[in-house]
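Here's the structure we're looking at; comments come further down.
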Amino acid sequence: MESGEILVTAIMVAGFVTVHLQVHRLRFLDVTPRSRWLSFAGGVAVAYVFLHVLPDIGMHSREFSDELGVSPTAAESAVYSLALAGLVVFYGLERAVKLSREKARAAGEGDRMQDDVLYLHLVTYGSFNALVGYLLLHREEGGGWALALFFVAMALHFLTADFGMRQDHREAYDRLARWIISAAVVSGWVLGIFIALPPVLIGGLFAFLAGGIILNVLKEELPEERQSYFLPFLLGVMLYAGLIMAERHWV
Numbered sequence: 019m020e021s022g023e024i025l026v027t028a029i030m031v032a033g034f035v036t037v038h039l040q041v042h043r044l045r046f047l048d049v050t051p052r053s054r055w056l057s058f059a060g061g062v063a064v065a066y067v068f069l070h071v072l073p074d075i076g077m078h079s080r081e082f083s084d085e086l087g088v089s090p091t092a093a094e095s096a097v098y099s100l101a102l103a104g105l106v107v108f109y110g111l112e113r114a115v116k117l118s119r120e121k122a123r124a125a126g127e128g129d130r131m132q133d134d135v136l137y138l139h140l141v142t143y144g145s146f147n148a149l150v151g152y153l154l155l156h157r158e159e160g161g162g163w164a165l166a167l168f169f170v171a172m173a174l175h176f177l178t179a180d181f182g183m184r185q186d187h188r189e190a191y192d193r194l195a196r197w198i199i200s201a202a203v204v205s206g207w208v209l210g211i212f213i214a215l216p217p218v219l220i221g222g223l224f225a226f227l228a229g230g231i232i233l234n235v236l237k238e239e240l241p242e243e244r245q246s247y248f249l250p251f252l253l254g255v256m257l258y259a260g261l262i263m264a265e266r267h268w269v
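End of the sequence shown = 269 in the numbering used here, gap-free, step of one.
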């Protein structure tokens, strides 16, 4: 692995850590109606998944077929099933968080996650972050533009996801969670320096990551009580879609 790539991705990891550690200082996000910046970030993440991650997985279906020894159709179904699994896992976690907050309010403990669900949330989100850190060095598509697009999309996704997690348990996020998830993304990046997983496994990780991103973005944008903005969301989708198209066809 080249030293230049390690240096560039190290700077990007530092950017991810900055988002995790400093999101509580972005007071302009914590407003009702929902901040337009969060809606814009959600649009960027959606565009990245649908126009970059999922097409890349589809284009490599032959690779999955060869590695797994199954038909191209079966391999494609398996890969997209992993994306569905990612969505289901993160949806199950969000349901557990909601029920936990309801139990805490009923017990007079305030609007917060109970400790067992908090730890489960940290393990799941920490694993997600470690995966992102690893994929900085081992993505389906190489090149500087692809790396930059991945970084921007994931940084904005972390912004919306961290904001939502901090709303679920503000005190625990500020005291503990932000440090754990920051360490996770660094650990994933360090692992990527020393270990290269098989391409078929990288594709599966990409698929699972896509499902988690889709669920998190939709969870942050769709609920009526969040009063999110459609136009900033649409702007994020269109702007990032344009960048992806430019990267694919002209760069």
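Yeah, the Cβ is synthetic: ideal placement off N, Cα and C, and Gly gets one too.
Q: Take every Cβ of the stretch 220 to 232, pair it with every Cβ of the stretch 30 to 38, and state whether three or more of those distances are shorter than 8 Å.
A: No: fewer than three Cβ pairs fall under 8 Å.
Q. Straight-line CA distance for Ala-125 to Tyr-137?
A. If you draw a straight line from the Cα of Ala-125 to the Cα of Tyr-137, it is about 19 Å long.
**Q.** Per-residue DSSP class, three states only, for Met-131
**A.** Shown here, Met-131 sits in coil according to DSSP, grouped into three states, outside any helix or strand.
Q: Just the C-alpha distance for Ile-231 and Ala-264, rounded to the nearest angstrom, thanks.
A: Near 23 Å, if we compare the C-alpha coordinates of Ala-264 and Ile-231.
Q. Using a Cβ-Cβ cut-off of 7 Å (strictly less than) and excluding sequence neighbours within five positions of Ala-195, which residues of its own chain qualify?
A. Short of 7 Å from the beta carbon of Ala-195, and not among the five residues preceding or following it, lie these beta carbons of its own chain, in chain order: Leu-140 and Met-183.
Q: Could you pull out every unbroken alpha helix (DSSP H) segment of at least 4 residues lying fully inside the stretch 87 to 135, listed in chain order?
A: The alpha helix (DSSP H) runs of length 4 or more contained entirely in the stretch 87 to 135 are, from start to end of the chain, 90 to 124.
Q) Three or more beta-carbon pairs under 8 Å between the stretch 164 to 180 and the stretch 59 to 76, yes or no? A) Cβ pair count under 8 Å is three or more, so yes.
Q.
Give me, in chain order, the residues of the same chain whose beta-carbon lies closer than 6 Å to that of Ala-101; leave out the 5 immediate sequence neighbours on both sides.
A. Exclusion of the five residues before and after Ala-101 leaves Ala-225, Ala-228 and Gly-229 as the residues of its chain whose Cβ lies within less than 6 Å of its Cβ.
Q. Taking Ala-166 as the reference, which of Leu-236, Gly-22 and Thr-27 has the closest Cα?
A. Nearest option by C-alpha distance: Thr-27.
Q.
How far does the alpha helix (DSSP H) with Leu-56 in it extend, from its first residue to its last?
A. Membership of Leu-56 in the alpha helix (DSSP H) is indicated by the continuous run 54 to 66.
Q | At least 3 beta-carbon pairs within less than 8 Å: the stretch 146 to 153 vs the stretch 198 to 205 | A | Yes: at least three Cβ pairs fall under 8 Å.
Q) Where does Glu-85 fall in DSSP's three states? A) Glu-85 falls in the helix class under three-state DSSP.
Q. Do Met-60 and Thr-178 have their CB atoms nearer than 8 Å?
A. What sits at residue 60 in the sequence shown is Gly, not Met. Against a cut-off of 8 Å, the Cβ pair of Thr-178 and Gly-60 comes out as a contact.
(Q) Which of the three DSSP states is assigned to Arg-252 in this structure? (A) It should be noted that the sequence gives Leu, not Arg, for residue 252. Leu-252: helix per DSSP, three-state reduction.
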